[in-house]
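Below is one structure, written out as structure tokens; comments come after it.
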Amino acid sequence: MSNDTASGERPPMPAGPPPADRMRIRELSTAPWLSQALYAVTKLGVPDALIEGALPVEEIADRVGADPAALHRFLRALTSAGVFAEVGSRVYELNAPARHLCSDTPASMRHIVIMHGEETFRAFADVLHTVRTGLPSFDAVYGKGFYEYLPEHPEAEATFHAAMGISGAPPVVADEIDFRDPATVIDLGGGSGALLTRVLERYPDAKGVLVDVADAVAEAERVYGGTEVGARMTFVPGDFFGPAPRGDVYLLSRVLHNWDDERAGRILDRIREVIPEEGRLCVLDRVVPDVSGPHPSKIADLVMLVVLGGGDRTRKEYGSLLERHGFSVESLIPPSAGADPRAESAIVARPV
1 MSNDTASGER PPMPAGPPPA DRMRIRELST APWLSQALYA VTKLGVPDAL
51 IEGALPVEEI ADRVGADPAA LHRFLRALTS AGVFAEVGSR VYELNAPARH
101 LCSDTPASMR HIVIMHGEET FRAFADVLHT VRTGLPSFDA VYGKGFYEYL
151 PEHPEAEATF HAAMGISGAP PVVADEIDFR DPATVIDLGG GSGALLTRVL
201 ERYPDAKGVL VDVADAVAEA ERVYGGTEVG ARMTFVPGDF FGPAPRGDVY
251 LLSRVLHNWD DERAGRILDR IREVIPEEGR LCVLDRVVPD VSGPHPSKIA
301 DLVMLVVLGG GDRTRKEYGS LLERHGFSVE SLIPPSAGAD PRAESAIVAR
351 PV
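Each residue of the sequence shown is one higher than the last, beginning at 1 in UniProt numbering.
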């Protein structure tokens, strides 16, 4: 035993990580606190209550049905993170970020925040299940897959479709892909129809077929049915695991990343059965960079895994998947310069 220890002096502690490193770990480990605070005030309708201007927290709480003291502490925390502004003692107003949570804001993020604060958050609470098994923890938490869960929970389904709808059509398609004057464009899982209508606007002689679940197709027909473009569209309730309609261009926008390789392959097989030799398939999904380093797609990929069992893929992984199911990649068009780094790339493939 050393003299220092015998005299009661404690040996020096080993050097810990630098303060900045410790703060980074703390920020990551406590991030759910703020995300759930954001969810709570959004779900309650606090942003909408502040549309006309600043209010004392007591009045906000009265309008949304909250406890004033608790709401003050939640808004105080969010203000410290840059969302909302405190303009007087316990008086709050919207700032620029908070305005994106209002229901009437174009491309409002309200539905995305609610979706991630409810089903996504609960799935991540059991994330160890996914790490240990490779299977989506959503299924373990809810007892069924995400797409089986939604029809049984209309509010969650409406929130999901609203959240997906704000993204709009990937602009790279209408602007940069040459579809060689197609006769018929098939959009499988086309949702709101925004992508298909953009393509048809570019090719005025083409016809289009929109395939998706019944509710989505009915809404698209309501929106576009009376338009010139809508007159060239056929609205087909169905899914991409069944027989595909015949056409010469097939669109899969934000579809394959929802599924693992086995089920994504089944979708590709249905297309390969009917696509003509001169036809083209266009896959629009995020492409994960092959190189190391930060990129938003690497984080978004975790959501696809934990909630759906799918995932964003690298260029090599997409190429391999397509080749196994009868396609060869012709080109990959990345997002335009200056675009959101989470934007989709376009992978154009031909049958072989």
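Each residue gets a CB set at the ideal place from its N, CA and C atoms; glycine is no exception.
### Message
Please classify Asp-239 as buried or exposed, where buried requires at least 16 neighbouring CB atoms within 10 angstroms.
### Response
One-based indexing of the sequence shown puts residue 239 at position 239. When all chains shown are included, Asp-239 counts as exposed.
### Arg-280, enclosing beta strand (DSSP E) - first and last residue
Within the sequence shown, numbered from 1, the residue matching residue 280 stands at position 280. Unbroken beta strand (DSSP E) run through Arg-280: 280-285.
### Coil, strand or helix - Lys-144 by DSSP
Taking the first residue of the sequence shown as 1, we reach residue 144 at position 144. Note: Lys-144 maps to coil in three-state DSSP.
### Task
Below 8 angstroms on the Cβ atoms is my guess for Gly-247 versus Val-185; work out the distance and round it to an integer in Å.
Counting from one through the sequence shown, the residue named residue 247 turns up at place 247. Counting from one through the sequence shown, the residue named residue 185 turns up at place 185. Right, the Cβ-Cβ distance comes to about 6 angstroms (below 8 angstroms), so this counts as a contact.
### Query
Does the distance from the C-beta atom of residue 359 to that of His-325 stay below 7 angstroms?
With the chain covering only 1 through 352, there is no way to say anything about residue 359.
#### Entry: Assumed close pair Pro-351, Glu-277 - CB separation to whole angstroms, cut-off 8 angstroms
As a position in the sequence shown, residue 351 is number 351, starting the count at 1. As a position in the sequence shown, residue 277 is number 277, starting the count at 1. With 8 angstroms as the limit, Pro-351 and Glu-277 qualify as a contact, their Cβ atoms being about 6 angstroms apart.
### Query
Looking at Gly-310 and the ligand COA, is the gap between the Cβ and the nearest heavy atom below 6 angstroms?
Among the components of this structure there are no ligands whatsoever, and the ligand COA is therefore not found.
### Task
Identify whether Glu-228 lies in helix, strand or coil by the three-state DSSP scheme.
For this step, residue 228 is matched to residue 228 along the sequence shown. Three-state result, Glu-228: coil.
### Task
Rank Ala-66, Ile-114, Lys-144 by C-alpha distance to the C-alpha of Ser-35 and give the top, closest one.
For this step, residue 35 is matched to residue 35 along the sequence shown. For Ser-35, the closest of Ala-66, Ile-114, Lys-144 by C-alpha to C-alpha distance is Ile-114.
### Message
One question on the structure: do Gly-45 and Val-57 come within less than 7 angstroms of each other, judged by their Cβ atoms?
### Response
Here the question's residue 45 lines up with position 45 in the sequence shown. Here the question's residue 57 lines up with position 57 in the sequence shown. Their beta carbons are not under 7 angstroms apart, which means Gly-45 does not touch Val-57 by this criterion.
### Task
Using DSSP bridges, identify the partner residues of Ser-253.
As a working note, residue 253 is residue 253 in the sequence shown. DSSP, once it has assigned bridges, lists Leu-284 as partnering Ser-253.
### Message
So, for Ala-163: in the same chain, excluding its five sequence neighbours on each side, which residues have a beta-carbon less than 6 angstroms away from its beta-carbon?
### Response
As a position in the sequence shown, residue 163 is number 163, starting the count at 1. Cβ neighbours of Ala-163 beyond the five flanking positions: His-111, Ile-112, Met-115.
### Task
Give the straight-line distance between the Cα atoms of Leu-50 and Asp-67, rounded to the nearest whole angstrom.
Within the sequence shown, numbered from 1, the residue matching residue 50 stands at position 50. Within the sequence shown, numbered from 1, the residue matching residue 67 stands at position 67. C-alpha separation (whole angstroms): 17 angstroms.
### Message
Just to confirm, is the Cβ distance from Leu-200 to Gly-208 under 7 angstroms?
### Response
The residue given as residue 200 occupies position 200 in the sequence shown. The residue given as residue 208 occupies position 208 in the sequence shown. Closer than 7 angstroms, so yes.
### Query
Span of the alpha helix (DSSP H) holding residue 357?
Residue 357 falls outside the range modelled here, since the chain spans only 1 to 352, and no answer is possible.
### Message
DSSP has Phe-84 in a bridge; who is on the other side?
### Response
Position 84 of the sequence shown, counted from the first residue, corresponds to residue 84. According to DSSP, Phe-84 bridges with nothing at all.
### Message
Check for me: the alpha helix (DSSP H) holding Tyr-92 runs from which residue to which?
### Response
As a first step, residue 92 must be located in the sequence shown, where it is residue number 92. Element bounds for Tyr-92: not the alpha helix (DSSP H) but the beta strand (DSSP E), 91-93.
#### Entry: Endpoints, the alpha helix (DSSP H) within which Met-164 is located
Here residue 164 is taken as the residue at index 164 of the sequence shown, counted from 1. It spans 154-165 - the alpha helix (DSSP H) in which Met-164 sits, taken as one unbroken run.
### Message
Assuming the contact rule is C-beta atoms closer than 8 angstroms, Leu-78 and Val-41 should be a hit. Round their C-beta distance to whole Å, please.
### Response
The residue given as residue 78 occupies position 78 in the sequence shown. The residue given as residue 41 occupies position 41 in the sequence shown. Under the criterion of beta carbons closer than 8 angstroms, Leu-78 and Val-41 qualify as touching, at roughly 7 angstroms.
### Message
Using 8 angstroms for Cβ pairs, my map puts Val-223 next to Pro-237. What's the rounded Cβ distance?
### Response
Sequence index remark: in the sequence shown, residue 223 carries index 223 (1-based). Sequence index remark: in the sequence shown, residue 237 carries index 237 (1-based). Not a contact, Cβ separation roughly 16 angstroms.
### Task
Taking only runs that begin and end inside the segment 323-351, name each unbroken alpha helix (DSSP H) of 4 or more residues, in chain order.
Taking only runs of at least 4 residues, no alpha helix (DSSP H) segment lies wholly in the segment 323-351.
### Task
Would you kindly check if the distance between the Cβ of Ala-54 and the Cβ of Val-91 is under 7 angstroms?
Counting from one through the sequence shown, the residue named residue 91 turns up at place 91. Counting from one through the sequence shown, the residue named residue 54 turns up at place 54. The Cβ-Cβ distance between Val-91 and Ala-54 falls below 7 angstroms.
### Task
May I ask which residues mark the beginning and end of the alpha helix (DSSP H) holding residue 353?
Outside the shown range of the chain (1 to 352) lies residue 353, about which nothing can therefore be said.
### Query
Under a Cβ-count criterion, where at least 16 other Cβ atoms within 10 Å of its own Cβ denotes burial, should Gly-88 be classed as buried or exposed?
Within the sequence shown, the letter at position 88 stands for residue 88. Exposed, by the Cβ-count rule.
### Query
What are the boundary residues of the alpha helix (DSSP H) that includes Phe-235?
As a position in the sequence shown, residue 235 is number 235, starting the count at 1. Bounds of any alpha helix (DSSP H) do not take in Phe-235; it lies within the beta strand (DSSP E) bounded by 233-237.
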